[in-house]
Amino acid sequence: MRGEPHAEVEALRDAAARRNDVSGATLYVTLEPCNHSGATPPCAQALLDAQLARVVVGVLDPNPTAAGGAARLRAAGVAVVVADDPWARSIVEEFSLALGSARPYLRLKLAASIDACAAPAPGQRHWLTGGEAREYVRELRCIHDAVLVGAKTVRIDDPALTVRPPRARRRPYVRAIACEDAPVSAEHAIFQTEAGYAPTIVLAPAGAREAFSALEDVADVLYVGSPEALKLDLQLALEALRARGIASVLCEGGPVLGARLIERDLVDRLDWLVAPVLLGGPQAVPALPVSAQGRTLRFDRVERLGPDVLLSAAFVARENGV
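Counting from 1, position 267 in the sequence shown corresponds to residue 266 in numbering that gives the first Met the number 0; the numbering is continuous, with no gaps.
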């Protein structure tokens, strides 16, 4: 949390409390120790004061304001190894991509059958994945600043989007609904007051204030776009979340919202959960509509979650905007 000691300082304090002398020791850190005075003093100086002999850094800090700790340590005679480790990069992926961006980092989670369907028929609620996969998704809710769904998902599934069991957390959980043009009922579970949760955010087009005004009693309604806008602009909606201090979003929306986010190049990572079932039929709902095609992904994680399989991939930036 902002203003509190960073991990390096906490480690040094813990060592002191245990009466361990760290002079001449090696410190292993995921992210380069910071080199600036902000809400806290520079961690690099704290390491110099502790007289460490060697520091192994997983990845350099992508924030130019905080970077430079490795160079400062080297200049003072401390041996510094920068591993540039893929695992370390993955840990700071959300922070790196949100840094300096007008919108939050966005991870899209979709569940599909082997034949890439999300449900047997439109409007039909259907559990695809098993307990292990659902527990994985709850863990994702813990590590993101907000969880986002579309209005259609709220109407069909009526999700609470909570973490069960509740976890201790320094900042409140945030749940958000992207409403393209019409509000949802205030009776849905997502609006129920939960300990540790901020009021649910409703992202609504600014030109539809009258239609959404009834939700202002149960939700934090963010009106997006021009006063004449009657359709939600997803780019502006995400920017509104970023302006609220939300740096990372887990989208658990369905095929429609997922496809539109991909079309607008607003997704940074896709977590595709594949269930060992076949749903194909004349009414089966595609997990991603055809309109979302044309993007390239780089898969870097394949894992079995009980009977299901997780495929996780980062979206590759388009070359020359194509």
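Don't be surprised by glycine CBs; every beta carbon is placed ideally from N, CA and C.
One or two residues paired with residue i in a DSSP bridge
{"i": "residue 302", "result": "309"}
{"i": "residue 176", "result": "148 and 201"}
{"i": "residue 30", "result": "58"}
{"i": "residue 250", "result": "107 and 147"}
{"i": "residue 314", "result": "296"}
{"i": "residue 272", "result": "110 and 309"}
{"i": "residue 87", "result": "The partner list for residue 87 (beta bridge, DSSP) is empty, contrary to what the question assumes."}
{"i": "residue 25", "result": "53"}
{"i": "residue 80", "result": "55"}
Buried or exposed (CB count within 10 angstroms, at least 16 for buried), residue i
{"i": "residue 256", "result": "buried"}
{"i": "residue 74", "result": "exposed"}
{"i": "residue 177", "result": "buried"}
{"i": "residue 271", "result": "buried"}
{"i": "residue 36", "result": "exposed"}
{"i": "residue 140", "result": "buried"}
{"i": "residue 80", "result": "exposed"}
{"i": "residue 298", "result": "exposed"}
{"i": "residue 254", "result": "buried"}
{"i": "residue 199", "result": "buried"}
{"i": "residue 261", "result": "buried"}
{"i": "residue 17", "result": "exposed"}
{"i": "residue 103", "result": "buried"}
{"i": "residue 289", "result": "exposed"}
{"i": "residue 65", "result": "buried"}
{"i": "residue 242", "result": "exposed"}
{"i": "residue 144", "result": "buried"}
{"i": "residue 194", "result": "exposed"}
{"i": "residue 97", "result": "buried"}
{"i": "residue 151", "result": "buried"}
{"i": "residue 245", "result": "buried"}
{"i": "residue 230", "result": "exposed"}
{"i": "residue 258", "result": "buried"}
{"i": "residue 60", "result": "buried"}
Coil, strand or helix - residue i by DSSP
{"i": "residue 126", "result": "coil"}
{"i": "residue 219", "result": "strand"}
{"i": "residue 116", "result": "strand"}
{"i": "residue 57", "result": "strand"}
{"i": "residue 285", "result": "strand"}
{"i": "residue 184", "result": "coil"}
{"i": "residue 133", "result": "helix"}
{"i": "residue 8", "result": "helix"}
{"i": "residue 267", "result": "coil"}
{"i": "residue 95", "result": "helix"}
{"i": "residue 260", "result": "helix"}
{"i": "residue 255", "result": "helix"}
{"i": "residue 153", "result": "helix"}
{"i": "residue 65", "result": "coil"}
{"i": "residue 15", "result": "helix"}
{"i": "residue 75", "result": "coil"}
{"i": "residue 237", "result": "helix"}
{"i": "residue 1", "result": "Bear in mind that a pLDDT of 47 at residue 1, under 50, signals an unreliable position, so the model cannot answer this."}
Neighbourhood of residue i by C-beta, 6 Å cutoff - its chain only, sequence neighbours within 5 removed
{"i": "residue 264", "result": "none"}
{"i": "residue 22", "result": "50"}
{"i": "residue 132", "result": "272, 304 and 307"}
{"i": "residue 135", "result": "304"}
{"i": "residue 217", "result": "185 and 190"}
{"i": "residue 274", "result": "112, 127, 128 and 307"}
{"i": "residue 0", "result": "Here the model assigns residue 0 a pLDDT of 45, short of 50, so the residue's position is not dependable and the matter cannot be decided."}
{"i": "residue 276", "result": "112"}
{"i": "residue 118", "result": "125 and 284"}
8 Å CB neighbourhood of residue i in its chain, flanking five on each side removed
{"i": "residue 301", "result": "308, 309, 310 and 311"}
{"i": "residue 28", "result": "6, 7, 54, 55, 56 and 57"}
{"i": "residue 26", "result": "7, 10, 46, 51, 53, 54 and 55"}
Close-in-space but distant-in-sequence residues of the same chain around residue i (CB under 7 Å, 5 per side omitted)
{"i": "residue 42", "result": "5, 7, 8, 32, 33 and 68"}
{"i": "residue 227", "result": "206"}
{"i": "residue 281", "result": "none"}
{"i": "residue 315", "result": "295, 296 and 297"}
{"i": "residue 220", "result": "201, 203, 211 and 214"}
{"i": "residue 156", "result": "124"}
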